[in-house]
Amino acid sequence: MDNKYREILNELYEIYEKINAYQEEALKLQNQIGERTNSISEQLDLQTTNLSEFKEKILGYINEFSNKLNDVSNKISTDFQNTTQKRIDTIKLELSSEVGLLLKSISKTFAEVYGNLNKDRIELINKLNENLELNKNEGNVVKDITTQLEEQNKYLAIITKESKNNISKHLDETKYIKEELELLKQNFELKYVYNKKRIIFTSIFSLIMIIMISSAIFASIYMIAYYLKLIFFPNRIYTLVIGILLLVLSIGLIAILALVIFNPPTFLKKNKQRKGKNE
């Protein structure tokens, strides 16, 4: 019995030692896991910090580029609008001054012509009144002077009526000149809008032509090199035929683009007929 108890105690001691050993290994593993977890956490924090800094730098570059682009766009737009507005104001001022001088000249001419006529008629009527006063005792003379006075009064009424008609005509001409001035202003604004659209279309068409020419040149260079290789080292005959056709197509495209450059479409030319109508 004692031996059995001893064996059981020894087994229990061995199990206890194994449990202690397992606990020590578990503590070591726990410490290692804790160290690795801390290291990984530090690395993650560092990477997160670096990523945030990188993100902030990228956003800063994007904002700076956007601000510079907005500044350049605003400056170009402001300069273009100021220049165009100055030209419009200059033309309006010139047209207004010319119309003002023309109106002054017309008014002066009317004043001189009808003023002199009225002055002559009034002087003649005054002289006739004086003669009538001097010869009031002579019946025939008085009758003759009275007749002349009536005729002169008729002439004076006719002159007054003609003056009113001419003044009305002058006002109508002034109104017509103002309408012409308004049409000139509208035509100038239409011409400005047309030129602006023409500039936009020209820029877009030029960009398309540059892209097409560049693509055709690169494709031609690549095809020439590739088909020289096929000529000296032929693999498939139909590939060579297709390559030659594509090369001819590229040359034709370059020829068409050259023709477009030296003979541009109508919307890239100055429309002389529209310019003449606007003027």
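Position 143 (the sequence shown) corresponds to 135 in the numbering used here; numbering is contiguous. Where is the CB? At the ideal position from N, CA and C, for every residue including glycine.
Quiz item: Where does residue 208 land, buried or exposed, given buried means 16+ other C-beta within 10 angstroms?
Solution: buried
Quiz item: With burial defined as no fewer than 16 other Cβ atoms inside 10 Å of the residue's Cβ, what is the status of residue 242: buried or exposed?
Solution: buried
Practice problem: Measure the C-alpha to C-alpha separation of residue 56 and residue 45 and round it to an integer number of angstroms. | Solution: 16 Å
Quiz item: I think residue 245 touches residue 204, with their Cβ atoms under 8 Å apart; what is that distance to the nearest whole Å?
Solution: 7 Å
Quiz item: Straight-line CA distance for residue 118 to residue 153?
Solution: 21 Å
Quiz item: Given residue 114, which residues of its chain have a CB within under 8 Å of its CB, disregarding the five upstream and five downstream residues?
Solution: 148
Exercise. Keeping to the same chain, check which residues put their C-beta closer than 7 Å to that of residue 211; ignore five residues upstream and five downstream.
Key: 242
Quiz item: Leaving out the 5 sequence neighbours to the left and right, which residues in its chain are closer than 7 Å to residue 238 when beta-carbon positions are compared?
Solution: 215
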